[in-house]
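Novice: Chains as they are written, first to last, in the working numbering: chain E, 1 to 404; chain F, 1 to 404. Note that beta-carbon positions come from the ideal geometry of N, C-alpha and C, so glycine has one too. If you scroll down you'll find the structure; I have some questions about it.
Below you can see the structure in the form of structure tokens.
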């Protein structure tokens, strides 16, 4: 079907035109709720009128930024990259909601409704513990990153993968602008935070910091390690006590692995900051630090296991490297990946303080003084992450940079 | 026109079907000579029968490796990448032969015949001096590399460029196999050189060397700095006392800049090795070292000048970096580029000793003992380049690694 914007008036007819979806609902009519609270797309929860447990999510991109309107055009082809990446990730990991239907032409995705899960950021703000999270997300990261890299794919399959995502220019440009650029200079898109003007000025003129940011931005633009989610913060994760699902991958592209790992660490650090400045005891914030440690340790172990199970790849021809050479290279590879993750995490933390898009964990703090304390603590961690990422060798080093 | 293999029987009719080419020759008939001595393609020199100065080169790819025949299939689409890269380079630099006609469908390129130029490798073997070379090639490298990078292009133009070359998988795979892999292990494609078996074994088991080679191969596969020629040795350069032209860019892809710079340095070093072991005096070999120094110094200066003239790019938003920050980043950028160039040069030098494709400068030495001396000298330089590329800060450091 050629592109048509769906709304309450035509969505039911469209869904009934898809035999598989019609069969799923098995009803005369559908209950349609527009539930999207995101910035970019329209999201509908559709429920069978005859069976309330038959529910699906319909997500459609429109050729503008939904939260602003038609005055902010943004190509609807972003959905193409969300579809392609979710379908690829779903082949590699169980931590993706079930996809019922996708249509690049319609910029549309029909997915499982996760009715017992919530956005992880909201859960963490409430101090909820997620005992399966470190295990699940480390598994998602290891499988999706390793198996879309030159350490696993053939040379030609890797280039095909790059070609499938190289067109996602607009969303990559948003990241380049809003993660690596605007927050570190005077820019009209930044949040108005006069109380932080001293820090903003310090950062804008810090030679070491900004030189390192340029290195990291350059890597973001020119290092095609693996297929990334591209925006893997705690708002892109649906979770409960038993299960973890990754959603909203419209920023997907083939880029540096550390950018996904770093996004996750950055958002865990910001939750730590939020709890540290607000909670009476350190129980939950200590748990967050343990989660950061555990995510990396498990990721590192799973990634190496996948690697050791791989006989041949674009990088490694059978017979090229003996076990000792391979282990030496792996050790350096994982250390560089950890370092780059911390560098990217630093950029992500600082951009969430100064930039257009804050995080609820910190921007949502009502008391001005406490919120400013959180901003300053987060910024100081971000600065240390960026300036010292090259020195990080273990997760203990990360803890030191957080608590310094 | 759909793909048809051209030969002496149908070439004239084809050329006369192209109005611009027919007008160029302005003759009733053409003299056709097949002159290709390369491995990959058919090359014809075509001359007007009524005017011997009206000459063009016709180059066509066939769907197999020309030097082996139909038993070694190789996609003729390689010519697509040669056409696209030469046309792009021609917009950026005068050091590309004039292109009269190109046809991706026909895998065909019609170019200026450089009748007073020779392949630079042959000239260097004869000890000919090329006073314009360092100036010309540094200008070619600075313009083509800088202006196809994120330091010059917009984010979206850079991604479009990557997409135009990402399909050149087969030729990239040849480089991955024959530059970074086979020469450093037991492989049936390697040259039979029993006299070097001690060195081959040392290299095959050298942990530090092979770990570094894996790093360099990974960069080749995953670092998309700029549009590269991809095979920039002295056999891909046509030269005389006044002019320098770059040809044969079928290996073009968006990769690490150091790979082109390094290819050039590697081939100058191998010429130095050849003259050092054969010449009675060091005049020409000293001149080669001065050429290496001069190519880098001029390249570095031109590259920075282009950079300083660029107000905005994918990497650098106006207002992000003050002059001091920019200079600091530039310094680190150029140093990393020099280091990576030396690392890649090391791989290229060693592969030309052990691998399937030698260089005439060394393989052409008739005296077995002198040739072995050259092989060993070249290999020892290659090993130092690979192991110590991270330590190189200036061209003096390169000279030390060469002469150690």
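Start and end of the alpha helix (DSSP H) containing residue 301 of chain E?
Specialist: Within the first chain, numbered from 1, the residue matching residue 301 of chain E stands at position 301. Segment 283–308, the alpha helix (DSSP H) holding residue 301 of chain E.
Novice: So which residues of chain E does residue 186 of chain F contact, with C-beta pairs closer than 8 Å?
Specialist: Within the second chain, numbered from 1, the residue matching residue 186 of chain F stands at position 186. Within 8 Å Cβ-Cβ: 319.
Novice: Thinking just about the alpha-carbon of each residue, which of E:332, E:261, E:100 is nearest to the one in residue 231 of chain E?
Specialist: Taking the first chain and counting its residues from 1, one reaches residue 231 of chain E at position 231. The shortest C-alpha separation from residue 231 of chain E is found at E:261.
Novice: Could you tell me which chain F residues have their CB closer than 8 Å to the CB of residue 225 of chain E, listed as they occur along the chain?
Specialist: Here residue 225 of chain E refers to the residue found at position 225 when the first chain is read from its first residue. Ordered by position in chain F, the residues that pass the 8 Å Cβ test against residue 225 of chain E are 222.
Novice: Any C-beta of chain E sitting closer than 8 Å to the C-beta of residue 167 of chain F?
Specialist: Sequence index remark: in the second chain, residue 167 of chain F carries index 167 (1-based). It does: the Cβ of residue 167 of chain F has a partner Cβ on chain E nearer than 8 Å.
Novice: Quick one, which of E:136, E:393, E:166, E:390 has its alpha-carbon nearest residue 294 of chain E's?
Specialist: The count along the first chain starts at 1 and reaches residue 294 of chain E at position 294. Closest option to residue 294 of chain E, Cα to Cα, is E:136.
Novice: Using a Cβ distance threshold of 8 Å, determine whether the segment 145–152 of chain F contacts the segment 221–237 of chain F, with at least three qualifying pairs required.
Specialist: Contact holds: three or more Cβ-Cβ distances are below 8 Å.
Novice: Which runs of the beta strand (DSSP E) spanning at least 3 residues fall entirely within the segment 80–106 of chain F, listed in chain order?
Specialist: Runs found: 99–103.
Novice: Can you tell me which residues form a DSSP beta bridge with residue 41 of chain E?
Specialist: Looking up residue 41 of chain E in the first chain gives position 41. DSSP, once it has assigned bridges, lists E:61 as partnering residue 41 of chain E.
Novice: Any idea if residue 283 of chain F is buried or exposed, counting beta-carbon neighbours within 10 angstroms, 16 or more meaning buried?
Specialist: Residue mapping note: residue 283 of chain F aligns to position 283 of the second chain, counting from 1. Classification of residue 283 of chain F: exposed, given that the 10 Å Cβ count is below 16.
Novice: With the cut-off set at 8 Å, would you say residue 252 of chain F and residue 143 of chain F are in Cβ contact?
Specialist: Numbered from its first residue, the second chain carries residue 252 of chain F at position 252. Numbered from its first residue, the second chain carries residue 143 of chain F at position 143. It is not a contact, given that the beta carbons lie outside the stated cut-off.
Novice: Based on the DSSP output, what are the partners of residue 73 of chain F in its beta bridges?
Specialist: By one-based count along the second chain, residue 73 of chain F stands at place 73. Its beta-bridge partners are F:64.
Novice: Drop a sphere of 10 angstroms on the beta-carbon of residue 222 of chain F, count the other beta-carbons inside from all chains shown, and report buried for 16 or more, exposed for fewer.
Specialist: Looking up residue 222 of chain F in the second chain gives position 222. Classification of residue 222 of chain F: buried, given that the 10 Å Cβ count is 16 or more.
Novice: Which chain E residues sit within Cβ distance under 8 Å of residue 314 of chain F?
Specialist: By one-based count along the second chain, residue 314 of chain F stands at place 314. Neighbours of residue 314 of chain F on chain E, chain order: 176, 221.
Novice: Would residue 72 of chain E be called buried (16 or more neighbouring beta carbons within 10 Å of its own) or exposed?
Specialist: Here residue 72 of chain E is taken as the residue at index 72 of the first chain, counted from 1. Residue 72 of chain E should be labelled exposed.
Novice: Answer yes or no: the CB of residue 92 of chain E versus the heavy atoms of the ligand SAM, is any distance below 7 Å?
Specialist: The ligand SAM is not part of this structure, which contains no ligands at all.
Novice: Am I right that residue 59 of chain E and residue 41 of chain E are in contact with their C-beta atoms under 8 Å? What's the rounded C-beta distance?
Specialist: For the purposes of this step, residue 59 of chain E is taken as the residue at position 59 of the first chain. For the purposes of this step, residue 41 of chain E is taken as the residue at position 41 of the first chain. Correct: roughly 6 Å between the Cβ atoms.
Novice: If we call anything under 8 Å between Cβ atoms a contact, is residue 334 of chain F one with residue 367 of chain F?
Specialist: Translated into the one-based positions of the second chain, residue 334 of chain F becomes position 334. Translated into the one-based positions of the second chain, residue 367 of chain F becomes position 367. Taking 8 Å as the Cβ cut-off, residue 334 of chain F and residue 367 of chain F do not qualify as a contacting pair.
Novice: Assign residue 215 of chain F to buried or exposed, taking buried as 16 or more other Cβ atoms, counted over all protein chains shown, within 10 Å of its Cβ.
Specialist: As a working note, residue 215 of chain F is residue 215 in the second chain. It counts as buried.
Novice: Below 8 Å, how does it come out for the segment 243–257 of chain E and the segment 85–99 of chain E: are there three or more Cβ pairs, yes or no?
Specialist: Touching, yes.
Novice: Please check if any C-beta of chain E sits within less than 8 Å of the C-beta of residue 193 of chain F.
Specialist: Stepping through the second chain from its first residue, residue 193 of chain F is reached at position 193. False, the Cβ-Cβ gap to chain E never drops below 8 Å.
Novice: What residues in the segment 373–388 of chain E bring their beta carbon closer than 9 Å to a beta carbon of chain F?
Specialist: Flagged: no residues at all.
Novice: Please work out which residues of its chain come closer than 8 Å, Cβ to Cβ, to residue 401 of chain E, disregarding the five sequence neighbours upstream and downstream, and give them in chain order.
Specialist: Start at 1 with the first residue of the first chain, and residue 401 of chain E comes out as number 401. Hits under 8 Å: 342, 381, 384, 385, 388, 392.
Novice: Quick check on DSSP: helix, strand or coil for residue 392 of chain F?
Specialist: Walking along the second chain from the start, residue 392 of chain F turns up at place 392. If DSSP states are grouped into helix, strand and coil, residue 392 of chain F belongs with coil.
Novice: Here's the rule I'm using: 16 or more other beta-carbon atoms within 10 Å means buried, otherwise exposed. How should residue 241 of chain E be labelled?
Specialist: On the first chain, residue 241 of chain E is found 241 positions in, with the first residue counted as 1. Result: exposed.
Novice: Say whether chain F places a C-beta atom closer than 8 Å to the C-beta of residue 350 of chain E.
Specialist: As a working mapping, residue 350 of chain E is identified with position 350 in the first chain. By this cut-off, residue 350 of chain E is not an interface position.
Novice: By the three-class DSSP mapping on this structure, what secondary structure does residue 34 of chain E have?
Specialist: For the purposes of this step, residue 34 of chain E is identified with residue 34 of the first chain, where counting begins at 1. The answer is strand: DSSP assigns residue 34 of chain E an E or B state.
Novice: Do you know offhand how far residue 209 of chain E's Cα is from residue 346 of chain E's?
Specialist: By 1-based counting over the first chain, the position of residue 209 of chain E is 209. By 1-based counting over the first chain, the position of residue 346 of chain E is 346. If you take the alpha carbons of residue 209 of chain E and residue 346 of chain E, they lie about 10 Å apart.
Novice: Give me the Cα-Cα distance between residue 108 of chain F and residue 264 of chain F, rounded to the nearest whole angstrom.
Specialist: Along the second chain, read from residue 1 onward, the residue named residue 108 of chain F stands at position 108. Along the second chain, read from residue 1 onward, the residue named residue 264 of chain F stands at position 264. Using only the alpha carbons, I get a separation of about 27 Å.
Novice: Hey, residue 74 of chain E and residue 238 of chain E are a contact pair by Cβ (cut 8 Å); roughly how many whole angstroms apart?
Specialist: Here residue 74 of chain E corresponds to residue number 74 of the first chain, with the count starting at 1. Here residue 238 of chain E corresponds to residue number 238 of the first chain, with the count starting at 1. Wrong, their Cβ atoms sit about 24 Å apart, outside the cutoff.
Novice: Chain F partners of residue 207 of chain E, CB-CB under 7 Å?
Specialist: One-based indexing of the first chain puts residue 207 of chain E at position 207. Simply 324, 325, 328.
Novice: Relative to the alpha-carbon of residue 288 of chain E, which residue among E:259, E:206, E:24, E:133 has its alpha-carbon at the smallest distance?
Specialist: The count along the first chain starts at 1 and reaches residue 288 of chain E at position 288. Looking at the Cα atoms, E:133 is the closest of the given residues.
Novice: Spatial neighbours of residue 404 of chain E within its chain, please: CB distance less than 7 Å, with the 5 preceding and 5 following residues excluded, ordered by chain position.
Specialist: If you number the first chain from 1, residue 404 of chain E lands on position 404. For residue 404 of chain E, where only same-chain residues beyond five positions count, the Cβ hits under 7 Å are 384.
Novice: With a cut-off of 8 Å, does the C-beta of residue 181 of chain E fall near any C-beta of chain F?
Specialist: Here the question's residue 181 of chain E lines up with position 181 in the first chain. So, interface residue.
Novice: Of all the CB atoms in chain E, is at least one closer than 8 Å to the CB of residue 347 of chain F?
Specialist: The residue you call residue 347 of chain F lines up with position 347 of the second chain. By this cut-off, residue 347 of chain F is not an interface position.
Novice: Determine the direct distance from the alpha carbon of residue 331 of chain F to that of residue 390 of chain F, and round the result to whole angstroms.
Specialist: What you label residue 390 of chain F is simply residue 390 of the second chain in a count that begins at 1. What you label residue 331 of chain F is simply residue 331 of the second chain in a count that begins at 1. So the two alpha carbons sit approximately 15 Å from each other.
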